[in-house]
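See structure below.
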């Protein structure tokens, strides 16, 4: 089952402010993770299966996984470009 994606207004503002390459890398990370977030992410600190990191190209994203409700919430975006 595909997960739903949640971006709060402040996270969306960060996304919208990035150049095209950063926005593209975020798209790649999140679209891959929606189908199987554990397979397309790495633990963020302790591997609790809830707080995870996604990375591609110039982007690192911290997310919270809600397996019960099939949701991914982006909590932080890092851009190294």
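In the numbering used here, the protein residues as written are 1 to 81. Each residue gets a CB set at the ideal place from its N, CA and C atoms; glycine is no exception.
Member of the options whose CA lies at the smallest distance from the CA of residue i
i: residue 3; options: 74, 81, 69; result: 69
i: residue 29; options: 20, 19, 21, 40; result: 40
i: residue 33; options: 71, 80, 78, 76; result: 71
Distance, residue j Cα to residue i Cα
i: residue 58; j: residue 48; result: 25 Å
i: residue 51; j: residue 21; result: 25 Å
i: residue 93; j: residue 27; result: This structure gives no information on residue 93, because the portion of the chain shown stretches from 1 to 81.
i: residue 37; j: residue 12; result: 20 Å
i: residue 78; j: residue 35; result: 22 Å
i: residue 18; j: residue 81; result: 9 Å
DSSP bridge partner residues for residue i (one or two, in chain order)
i: residue 53; result: 42, 62
i: residue 6; result: 73
i: residue 78; result: 60
Own chain partners of residue i with C-beta closer than 6 Å, once the 5 adjacent residues on each side are dropped
i: residue 73; result: 6, 64
i: residue 25; result: 56, 57, 58, 59
i: residue 43; result: none
i: residue 54; result: 29, 33, 41, 61
i: residue 76; result: 62
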